[in-house]
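Take the position in the sequence shown, starting the count at 1, then add 227; the result is the number in the numbering used here. Beta carbons: idealized from backbone N, C-alpha and C, even for Gly.
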Amino acid sequence: MSIAEDAPVNAAAEHPFPPRYYEVEGDVFVPTPLARSPWDGKAIAGGPVSALLASCAEDAALDADFEIARFQVDIFGKVPHQPLGHASEVLRDGRQTKLHRITLLADGKPVAQAHVLRVRRLETPVFAVPHDYPAPAEVPVQDGPRGARMGGAITLRRVIGGPGIPGRGVSWLAMEGEIIGGRAPSNFVKACLFADFGNGFGNATDAGEWSYANLDITIQFLRMPVGDWFLLDAETHMAGNGHGTARNVFADEQGVYARGFQTIFVAPGHLSASVPRPPR
Numbered sequence: 228m229s230i231a232e233d234a235p236v237n238a239a240a241e242h243p244f245p246p247r248y249y250e251v252e253g254d255v256f257v258p259t260p261l262a263r264s265p266w267d268g269k270a271i272a273g274g275p276v277s278a279l280l281a282s283c284a285e286d287a288a289l290d291a292d293f294e295i296a297r298f299q300v301d302i303f304g305k306v307p308h309q310p311l312g313h314a315s316e317v318l319r320d321g322r323q324t325k326l327h328r329i330t331l332l333a334d335g336k337p338v339a340q341a342h343v344l345r346v347r348r349l350e351t352p353v354f355a356v357p358h359d360y361p362a363p364a365e366v367p368v369q370d371g372p373r374g375a376r377m378g379g380a381i382t383l384r385r386v387i388g389g390p391g392i393p394g395r396g397v398s399w400l401a402m403e404g405e406i407i408g409g410r411a412p413s414n415f416v417k418a419c420l421f422a423d424f425g426n427g428f429g430n431a432t433d434a435g436e437w438s439y440a441n442l443d444i445t446i447q448f449l450r451m452p453v454g455d456w457f458l459l460d461a462e463t464h465m466a467g468n469g470h471g472t473a474r475n476v477f478a479d480e481q482g483v484y485a486r487g488f489q490t491i492f493v494a495p496g497h498l499s500a501s502v503p504r505p506p507r
């Protein structure tokens with residue numbers, strides 16, 4: 228999700244408390260105003276889409292014996308800001324690995340999906356990813372962009388760069404809200420929410436000059452995150468041909484827990500001097 232500093236803000240009276248992205252009504256998830264995309268008020272932002280898919284992917288029985296090793300989201304255009312249903316399919320049910328597909332449905336039509344790869348849990352050697360990130364307590368709390376604050380539920384500690392600053396961005400994030408009203412989100416779900424932030428926190432150019440919405444989200448988990456603080460180390464790269472990639476590293480206070488990528492759709496921003504034409 229590319230994050231605009233001047234994204235529209237809904238009136239505080241519209242925000243439920245504690246802040247949440249969805250309410251449950253029967254067998255559908257009804258998005259709150261906080262779930263709106265900062266770019267299109269009729270759509271749901273990528274983070275709430277990813278977090279809802281993650282919430283639907285959790286399975287207490289499976290997760291007792293299997294680790295989630297990969298979570299991959301595909302977004303089929305704009306996800307409309309309207310009640311969403313969901314469906315789950317088993318694509319592989321092996322002894323060592325299991326693969327499930329979770330699909331979000333709007334009026335019965337697929338609008339986004341996630342593939343969830345689980346691998347059997349077994350005690351094996353540890354080869355940790357080296358890092359030198361400062362602890363969150365060493366970094367002051369700062370205001371974040373309005374479009375990413377979740378009604379005040381998301382707290383930001385910038386290490387370097389960040390939203391609105393072109394180049395690599397490293398930030399600690401914490402979230403005290405809910406994805407689904409009445410349910411405390413797991414750290415897996417929070418991680419999948421923050422995995423959408425990479426192209427906004429590690430943006431390659433000024434967002435006014437060029438916009439870069441992500442088309443997908445991939446997270447490869449070494450392990451599940453622990454604690455309240457989630458570090459995002461993000462950097463976006465482009466080759467001048469209309470798309471790019473965001474490279475993301477995710478850590479908690481114990482170290483790196485996952486790595487990920489996003490495919491970025493690049494388009495002129497609202498301050499772009501001209502609109503380039505595609506080659507004939």
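Between the alpha carbons of Gly469 and Glu350, how many angstroms are there, rounded?
Their backbone Cα atoms lie some 44 Å apart in a straight line.
Under 8 Å: do the region 398-406 and the region 375-387 share three or more Cβ pairs, one atom per stretch?
At 8 Å Cβ cutoff, the stretches touch.
Tell whether a beta-carbon distance below 8 Å holds between Phe415 and Met451.
For Phe415 and Met451, yes; Cβs fall inside 8 Å.
Quick one, are the C-beta atoms of Ala281 and Ala272 less than 8 Å apart?
For Ala281 and Ala272, no; Cβs fall outside 8 Å.
What's the C-alpha gap between Ala341 and Ala431?
In a straight line, the C-alpha of Ala341 is about 26 Å away from that of Ala431.
Starting from the C-beta of Thr445, find all residues in its chain whose C-beta is less than 6 Å away, skip the five residues before and the five after it, and write them out in chain order.
Within the same chain, Thr445 has close Cβ partners Gln299, Gly487 and Phe488.
Which residues in the same chain as Arg384 place their Cβ atom closer than 6 Å to its Cβ, once the five residues preceding and following it in sequence are excluded?
Result list for Arg384: Pro363, Val366, Val368 and Trp399, in chain order.
State the CB to CB distance for the pair Val251 and Ile407, rounded to an integer number of angstroms; the pair is presumed to be in contact (CB under 8 Å).
So it is a contact: roughly 6 Å between Cβ atoms.
How is the beta strand (DSSP E) around Asn475 delimited, first residue to last?
Here the beta strand (DSSP E) through Asn475 covers His470 to Asp479.
Where do the N-terminal and C-terminal ends of the beta strand (DSSP E) with Ala314 fall, by residue?
Ala314 -> beta strand (DSSP E) spans Gly312 to Asp320.
Should Pro357 be labelled buried (16 or more other beta-carbon atoms within 10 Å of its own) or exposed?
Pro357 should be labelled exposed.
According to DSSP, is Val300 helix, strand or coil?
Note: Val300 maps to strand in three-state DSSP.
Return the first residue and the last residue of the alpha helix (DSSP H) that Gly278 is part of.
Note that residue 278 corresponds to Ala in the displayed sequence, not to Gly. First-last of the alpha helix (DSSP H) with Ala278: Gly273 to Ala284.
May I have the straight-line CA-CA distance separating Thr330 from Ala339, to the nearest angstrom?
Between Thr330 and Ala339, the C-alpha separation is close to 6 Å.
Taking 7 Å as the limit between beta carbons, can you name the residues of its chain near Asp433, skipping five residues before and five after?
Excluding sequence neighbours, Asp433 sits near Pro393.
Entirely within the region 365-407 and at least 4 residues each: give me those alpha helix (DSSP H) ranges in chain order.
Entirely contained in the region 365-407, not one alpha helix (DSSP H) run reaches 4 residues.
Measuring only the C-alpha atoms, how far is Pro246 from Arg319?
Looking at the two C-alpha atoms, the distance is approximately 36 Å.
Could you tell me whether the Cβ atoms of Gly191 and Leu289 are closer together than 8 Å?
Because the chain here runs from 228 to 507, residue 191 falls outside it and cannot be looked at.
If you draw a straight line from the alpha carbon of Pro495 to that of Pro258, how long is it in whole angstroms?
So the alpha carbons of these two residues sit roughly 29 Å apart.
Measuring CA to CA, which of Phe421, Glu462, Asn441 and Gln481 is closest to Gly304?
If we check each option's Cα against that of Gly304, Asn441 comes out closest.
Output the boundary residues of the beta strand (DSSP E) element that contains Val251.
First-last of the beta strand (DSSP E) with Val251: Arg247 to Glu252.
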